[in-house]
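In the working numbering, the protein residues as written are 15 to 419. The structure appears right after this line, and notes come after that.
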Ligand code: PMP
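Put into structure tokens, the structure is as follows:
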């Protein structure tokens, strides 16, 4: 499909709305993406025609819902080039996936063990591991960051040893947009026998990771960042880890047999999917993946790259404006501040002009501490944004600056 921005924008009903009397300019895509009509229709269709619980009933509706849910699992498998569909675990999102793995490792880690996190992480990929270390007495080490928002890989190499059991790092930083060299990070971790979890919450709307090629052990993401609904995501768990880790939650669906003396657990993926899942969400996640593939990842990247370059150039023309994490290897996220102005004030004023950006620490306080700032204004672009919207952002920021200085 040729990249026709107007046609694409027509797929997103929300982009037609006005905010405070201005056309909505939605630049908070790193927080959550907007939903195309195909995904909205999928949700309406499910609840209108075949809502039923899955894997349980013999009746037609239950069978239809089960088939659609398992079909979605296969779509995810194919999309990420995962060897087996049973290595795809449906979760409530990235946070849930990380907690599931961290909880499993509490039975594996020992006192002298070490785990490595990066300085660029979202709190979701820090706090569960800190809790794990508190429980197990394992040691948490941190890969430091450079001023340009990249990771210091020479320090990473020094942190690795035979004591390292697990490395967890994001594919793309939500606060700065940096694309991390996860291929190298995985290779080096595996060389010392450590497993790797990659947090793909920010990557999967921009790139299509090939998980077999990456040889990663765990990969987590959220559907809502990929044009899908909230409350659903996926954990890729390499089969050997799926067998090794204990279940996260007990309940229906995750068992083979239950007696009061003893319970045996179901095989993958059900072992990690206790209770009634987000059935509609899973099916709509599949529809979102279909939609993104129809638009095409190459086209998405080209367009977003154009937006990023143009916005970076235009914003840099504003005096006293600093962009954080200005490395060439980044996606369409721009975090910035204007000297002497609180990011929250800029965000509030430009919202009055219809422009939605995020302000604050972006759940990445260690990054803000590194730059010694309370937070940033973050504009994050998606493939449905336009160069005209970049102009609207830049003009609005200029206006806010005038008002606030
Ligand atoms: N990691 C990163 C890099 C993120 O950007 C986010 C969402 N902002 C998360 C983890 C958490 O994702 P969720 O809230 O969907 O669980």
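C-beta: ideal position from N, C-alpha, C; glycine also.
Exercise. If we count Cβ pairs, one from each stretch, closer than 8 angstroms, do we get three or more for the region 41-60 versus the region 288-302?
Worked result: yes
Exercise. Taking C-alpha atoms, which residue in 294, 247 and 349 lies nearest to residue 78?
Worked result: 294
Exercise. Would you call residue 31 buried or exposed, if buried means 16 or more other Cβ atoms sit within 10 Å of its Cβ?
Worked result: exposed
Problem set entry | Three-pair Cβ contact test at 8 angstroms for the region 264-273 versus the region 83-100 | no
Exercise. Between residue 198 and the rest of its own chain, which residues show a CB-CB distance below 8 angstroms, the 5 nearest in sequence each way excluded?
Worked result: 167
Exercise. Between residue 139 and residue 394, which are expected to be in contact by the criterion C-beta below 8 angstroms, what is the C-beta distance as a whole number of angstroms?
Worked result: Their Cβ separation, rounded to whole angstroms, is 18 angstroms, which puts residue 139 and residue 394 out of contact at 8 angstroms.
Exercise. On the three-state DSSP scale, how would you describe residue 404?
Worked result: helix
Exercise. Alpha carbon to alpha carbon, what distance is there between residue 76 and residue 289?
Worked result: 15 angstroms
Problem set entry | Identified DSSP bridge partners for residue 228 | Answer is none; residue 228 lacks a bridge partner.
Exercise. Using the rule of at least 16 other Cβ atoms within 10 Å of the residue's Cβ for burial, across every protein chain shown, is residue 287 buried or exposed?
Worked result: buried
Exercise. Which residue or residues does DSSP assign as beta-bridge partners of residue 349?
Worked result: 338 and 392
Problem set entry | Cβ neighbours of residue 233 in the same chain (closer than 6 angstroms, five flanking residues each side left out) | 212, 214, 225 and 250
Exercise. When the Cβ atoms of the region 378-393 are set against those of the region 303-317, are three or more pairs found closer than 8 angstroms?
Worked result: no
Exercise. Mind checking residue 342: buried by the 16 CB within 10 Å criterion, or exposed?
Worked result: exposed
Problem set entry | For residue 277, the residue or residues it bridges with in DSSP | 272
Exercise. With which residues is residue 248 paired in a DSSP beta bridge?
Worked result: 104 and 235
For this session: Sort out for me which residues DSSP pairs residue 119 with in a bridge.
Result: Paired residue(s): none; residue 119 is not in a bridge.
Exercise. What are the boundary residues of the beta strand (DSSP E) that residue 211 is part of?
Worked result: 209-213
Exercise. Do you know offhand how far residue 368's Cα is from residue 38's?
Worked result: 5 angstroms
For this session: Consider the C-beta atom of residue 132 and the heavy atoms of the ligand PMP; say whether any pair is separated by less than 6 angstroms.
Result: no
Exercise. Whose CA, out of 401, 121, 158 and 171, lies closest to the CA of residue 422?
Worked result: The question about residue 422 has no answer, for the chain in this structure spans 15 to 419.
Exercise. In its own chain, which residues sit with a C-beta less than 7 angstroms from the C-beta of residue 382, not counting the 5 before and 5 after it?
Worked result: 375, 388 and 389
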